[in-house]
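A.B. asks: Just so you know, we're using this note's numbering here: the sequence shown kicks off at 54 and counts up by one. Ideal Cβ placement from N, Cα and C applies to all residues, glycine included. What follows is a structure written as structure tokens; I'll ask about it next.
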Amino acid sequence: MVQVKELDLTLQKNEILKKVSVDFERGKIHGLIGRNGSGKTMLMKCICGFMKPTNGSVSVNGKRIGRDCDFPESVGLIIETPGFIPYYSGFRNLKLLADLHGKISKSDISQTMEQVGLDPNLKRHVRKYSLGMRQRLGLAQAIMEDPDLLILDEPMNGLDKDGVKDMRKYLLDLKAKGKTILIASHSAEDIEVLCDTVCEMDKGVLTKVKGW
Numbered sequence: 054m055v056q057v058k059e060l061d062l063t064l065q066k067n068e069i070l071k072k073v074s075v076d077f078e079r080g081k082i083h084g085l086i087g088r089n090g091s092g093k094t095m096l097m098k099c100i101c102g103f104m105k106p107t108n109g110s111v112s113v114n115g116k117r118i119g120r121d122c123d124f125p126e127s128v129g130l131i132i133e134t135p136g137f138i139p140y141y142s143g144f145r146n147l148k149l150l151a152d153l154h155g156k157i158s159k160s161d162i163s164q165t166m167e168q169v170g171l172d173p174n175l176k177r178h179v180r181k182y183s184l185g186m187r188q189r190l191g192l193a194q195a196i197m198e199d200p201d202l203l204i205l206d207e208p209m210n211g212l213d214k215d216g217v218k219d220m221r222k223y224l225l226d227l228k229a230k231g232k233t234i235l236i237a238s239h240s241a242e243d244i245e246v247l248c249d250t251v252c253e254m255d256k257g258v259l260t261k262v263k264g265w
């Protein structure tokens, strides 16, 4: 699903990624671990087309990012803190995003919100949401158009114990449906429970840990 070859990223003379090469196989959950600043989020941004690498290439589903397309198709994202219009409800935020593509209905949005444990009829503005509710809304945004690939940067942030349990179950259900998931997490337990393969990043260098 994802092929990263000899990827370098230099920003303001700082080497962020160094000769990163990795393949993420379709239909599996792939984990990225590493300390803050190790390069996990920047690698995700390069895969999404948000950052242009200095050298090397990224291909998603056979298409090279930046040459065959600017952004990969059929991808759902949570990268850093999900951003929403604070004075709109969760449903209204998702409806605005869905209208950009016109692929799904109001019923689809409501169903997705219910799947991640949110009430689509709740009129509360997003600015009054807890951090856990924002994370659930971020996941709903990522999955609502049924993407083939999910790229999730710390999706468990702000979730309580039950929320983490629900999120893990949902991600495993998505894997069972053939989805490919790339997840970065500081939680060793999340990685152990969810991931088929694990890569560790340190100072921009990627090391394969599990599953190869």
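Sort Ser91, Gln56, Ile157 and Gly155 by Cα distance to Gly109 and report the nearest one.
C.D. replies: Gln56
A.B. asks: Runs of 3 residues minimum, wholly inside the region 94 to 161: which ones carry the beta strand (DSSP E) assignment?
C.D. replies: 108 to 113 and 128 to 131
A.B. asks: Could you give the first and the last residue of the continuous alpha helix (DSSP H) run that contains Leu329?
C.D. replies: No information on residue 329 is available, as it lies outside the stretch 54 to 265 that the chain covers here.
A.B. asks: What are the residues that DSSP puts in a beta bridge with Cys252?
C.D. replies: Leu85 and Lys261
A.B. asks: Kindly provide the ranges of any alpha helix (DSSP H) runs that are 4 or more residues long and lie completely inside the region 166 to 200, ordered along the chain.
C.D. replies: 184 to 196
A.B. asks: Identify which residue in Ala241, Gly231, Asp199 and Lys232 has its Cα closest to the Cα of Met209.
C.D. replies: Ala241
A.B. asks: Give me the residue from Arg189, Asp199 and Ser112 with the minimum Cα distance to Arg221.
C.D. replies: Arg189
A.B. asks: Which term fits Ser238, buried or exposed, when burial requires 16 or more other beta carbons within 10 angstroms of its beta carbon?
C.D. replies: buried
A.B. asks: Which of the three DSSP states is assigned to Ser74 in this structure?
C.D. replies: strand
A.B. asks: When burial is assigned at 16 or more other CB atoms within 10 Å of the CB, is Gln194 buried or exposed?
C.D. replies: buried
A.B. asks: Is DSSP giving Gln65 helix, strand or coil here?
C.D. replies: coil
A.B. asks: Relative to the C-alpha of Gly115, which candidate in Phe77, Ile234, Ile132 and Asp215 has its C-alpha closest?
C.D. replies: Phe77
A.B. asks: Could you tell me the alpha carbon to alpha carbon distance between Leu224 and Cys248, rounded to whole angstroms?
C.D. replies: Cα to Cα, Leu224 sits roughly 10 Å from Cys248.
A.B. asks: Go ahead and label His83 buried or exposed: buried means 16 or more other beta carbons lie within 10 angstroms of its beta carbon, across all protein chains shown.
C.D. replies: buried
A.B. asks: Please state if the CB of Leu175 and the CB of Ser142 are separated by a distance shorter than 8 Å.
C.D. replies: yes
A.B. asks: From the DSSP output, which residues share a beta bridge with Lys58?
C.D. replies: Ser110
A.B. asks: State the Cα-Cα distance for the pair Pro125 and Lys261, rounded to the nearest angstrom.
C.D. replies: A straight-line Cα-Cα distance of about 24 Å links Pro125 and Lys261.
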